[in-house]
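Q: For the sequence shown, the residue numbers in mature numbering (1 follows the signal peptide of the UniProt record, and there is no 0) are -26 to -1, 1 to 231.
For every residue, glycine included, the Cβ atom is placed at its ideal position computed from N, Cα and C.
In this text the structure is predicted, and so the values were computed from the model without any measurement.
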Amino acid sequence: MRCRASKLFAAVLPPLALLFAGCSRPAEPPVEDERLTIGLMSSLPVYWSGGNAFVELSQDGVEPHWARMALEAAHDLEAIDALTSENLARTDLLILAQPRVLSPMENVALDDWVRAGGKALVFADPALVLESEFPLGDPRRPMDTVLLSPILARWGLELMFDPAQAEALRRVRDGDVVLDVAAAGTFEVSGGEGSSCTLAAEGVLATCAIGEGRVVLVADATLLEDTVGTEASAGILSALIARTSDPVREITGRSGK
């Protein structure tokens, strides 16, 4: 199902992102009481360059991913390698960015935590676009296709993907969230138990009230595939994080209960 982009696409992604950068304001540093403890689980090289902590620690001058720098400037960031009740209990916000396959126990722990009031931001891309330098089977290789169907179904969502769509960047938006996506998926509401989800941005963005918790989901990871980022990138990420704390509100799109 994965669609590969050409090297030309990889070359034009940063310039196009710069072209779009003026449309979003950079994130402003939060006041001290707004700092969150954020747990991050990702197969993308957001926390560790290339997914290898030992290599990064041994090299001088390795430029961190823009998202790591932005998150650490505004919040307290911790990499999480397993979704246990203990790890989640010390987390104000969980970011799942193209995570590895979750075990049944992790799905249960995550669902219980969210329903008890947890907040999460999820990037679930059905087909990463940019090439990885690591071969299939290498643990450092990002997940080409996200595999979160069990927890998405529990929350009342189904992730769809049209393999015939163009891989060119396109823009989708909903209010202050403006996303440049490529070969993106779309969400469909499929019921769910004790959840209410609203879709926006042409189905790329979903906002769900689940029990006492709240989850914002993006069916694309282009924002984080770009390791350098632009002036707009931190502002977009900040706006998505802010939505996990917004009161339930109507967003143009489809909803399900």
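So what does DSSP say about Asp86, is it helix, strand or coil?
A: On the sequence shown, position 112 is the one that residue 86 refers to. It is helical.
Q: With DSSP as the reference, label Met117 as helix, strand or coil.
A: As a first step, residue 117 must be located in the sequence shown, where it is residue number 143. DSSP places Met117 in coil when its eight states are reduced to three.
Q: Excluding the five sequence neighbours on either side, which residues of its own chain have a C-beta within less than 6 Å of the C-beta of Gly166, listed in chain order?
A: The residue given as residue 166 occupies position 192 in the sequence shown. For Gly166, where only same-chain residues beyond five positions count, the Cβ hits under 6 Å are Trp129, Gly130.
Q: Starting from the Cα of Tyr21, find the closest Cα among Ala53, Ala193, Ile12 and give me that residue.
A: In the sequence shown, counting from the first residue as 1, residue 21 sits at position 47. Of the listed residues, the one whose Cα sits closest to Tyr21 is Ala53.
Q: Alpha carbon to alpha carbon, what distance is there between Ala216 and Arg42?
A: Taking the first residue of the sequence shown as position 1, residue 42 is located at position 68. Taking the first residue of the sequence shown as position 1, residue 216 is located at position 242. The straight-line gap from Cα to Cα measures roughly 17 Å.
Q: Using 10 angstroms around the beta-carbon of Leu214, count the other beta-carbons present and answer buried if the total reaches 16, otherwise exposed.
A: To locate residue 214, count along the sequence shown from 1; it is residue 240. By the neighbour-count rule (16 or more Cβ atoms within 10 Å), Leu214 is buried.
Q: For the candidate residues Leu211, Gly92, Val202, Ser170, whose alpha-carbon lies nearest to that of Glu37?
A: Locating residue 37 in the sequence shown gives position 63, counting from the first residue. Nearest of Leu211, Gly92, Val202, Ser170 to Glu37, Cα basis: Val202.
Q: Taking the continuous alpha helix (DSSP H) assigned at Ser207, which residues delimit it?
A: In the sequence shown, the residue the question calls residue 207 occupies position 233. Residues 205 to 217.
Q: Check the DSSP bridge columns for Phe97 and list the partner residues they point to.
A: Here residue 97 corresponds to residue number 123 of the sequence shown, with the count starting at 1. Phe97 pairs with Ala71, Val192.
Q: With distances taken Cα to Cα, identify the nearest neighbour of Gly185 among Ala56, Trp87, Met15, Glu60.
A: For the purposes of this step, residue 185 is taken as the residue at position 211 of the sequence shown. Ranking the options by Cα distance to Gly185, first place goes to Trp87.
Q: Would you kindly report the start and end of the unbroken beta strand (DSSP E) that includes Glu132?
A: Counting from 1 along the sequence shown, the entry for residue 132 is found at position 158. Looking at the DSSP string, the run of the beta strand (DSSP E) that includes Glu132 is 131 to 134.
Q: Excluding the 5 residues flanking Ser77 on each side, which residues of the same chain have their C-beta closer than 7 Å to its C-beta?
A: Position 103 of the sequence shown, counting from 1, holds the residue named residue 77. For Ser77, where only same-chain residues beyond five positions count, there are no Cβ hits under 7 Å.
Q: Among the residues of its own chain, which have a CB less than 6 Å from the CB of Arg145, if the five just before and after it don't count?
A: Walking along the sequence shown from the start, residue 145 turns up at place 171. Taken in chain order, the residues that qualify are Asp154.
Q: Report the residue ranges of all beta strand (DSSP E) runs contained in full by the region 154 to 179; include only those spanning at least 3 residues, in chain order.
A: Complete beta strand (DSSP E) runs here, min 3: 160 to 163, 169 to 174.
Q: Take Ala(-6) and list the residues in its own chain whose beta-carbon comes closer than 7 Å to its own, dropping the five residues that flank it on each side.
A: Taking the sequence shown and counting its residues from 1, the one referred to as residue -6 is at position 21. Only weak support exists for where Ala(-6) lies, its pLDDT of 41 falling under 50; the value from the coordinates is given anyway. For Ala(-6), where only same-chain residues beyond five positions count, the Cβ hits under 7 Å are Thr204, Glu205, Ala206.
Q: Please report the straight-line C-alpha distance between Thr172 and Gln72, rounded to a whole angstrom.
A: Walking along the sequence shown from the start, residue 172 turns up at place 198. Walking along the sequence shown from the start, residue 72 turns up at place 98. Their backbone Cα atoms lie some 21 Å apart in a straight line.
Q: Helix, strand or coil for Ala63? Go by DSSP, reduced to three states.
A: Locating residue 63 in the sequence shown gives position 89, counting from the first residue. Here Ala63 sits in helix by DSSP.
Q: Within 10 angstroms of the Cβ of Thr11, are there 16 or more other Cβ atoms? Answer buried if so, exposed if not.
A: Position 37 of the sequence shown, counted from the first residue, corresponds to residue 11. Classification of Thr11: exposed, given that the 10 Å Cβ count is below 16.
Q: Thinking C-alpha only, which one of Gly13, Asp55, Val152, Val178 is nearest Ala208?
A: Position 234 of the sequence shown holds residue 208. The option with the nearest alpha carbon to Ala208 is Val152.
Q: If you draw a straight line from the alpha carbon of Gly177 to that of Ala63, how long is it in whole angstroms?
A: Walking along the sequence shown from the start, residue 177 turns up at place 203. Walking along the sequence shown from the start, residue 63 turns up at place 89. Approximately 31 Å between the Cα atoms of the pair.
Q: Buried or exposed: Ser16, going by 16 or more other Cβ atoms within 10 Å of its Cβ?
A: As a position in the sequence shown, residue 16 is number 42, starting the count at 1. It is buried - the Cβ of Ser16 has at least 16 other Cβ atoms within 10 Å.
Q: Quick check: the Cα distance between Leu179 and Trp40, rounded to an integer number of angstroms?
A: In the sequence shown, the residue the question calls residue 179 occupies position 205. In the sequence shown, the residue the question calls residue 40 occupies position 66. If you take the alpha carbons of Leu179 and Trp40, they lie about 22 Å apart.
Q: What did DSSP end up calling residue 264 once you bin it into helix, strand or coil?
A: No statement about residue 264 is possible, as the shown extent of the chain runs from -26 to 231 and does not include it.
Q: With DSSP collapsed to three states, give me the class of Ala183.
A: For the purposes of this step, residue 183 is identified with residue 209 of the sequence shown, where counting begins at 1. Three-state DSSP puts Ala183 in a strand.
Q: Tell me the rounded alpha-carbon separation between Asp99 and Gly187.
A: For the purposes of this step, residue 99 is taken as the residue at position 125 of the sequence shown. For the purposes of this step, residue 187 is taken as the residue at position 213 of the sequence shown. For Asp99 and Gly187, the distance between alpha carbons rounds to 22 Å.
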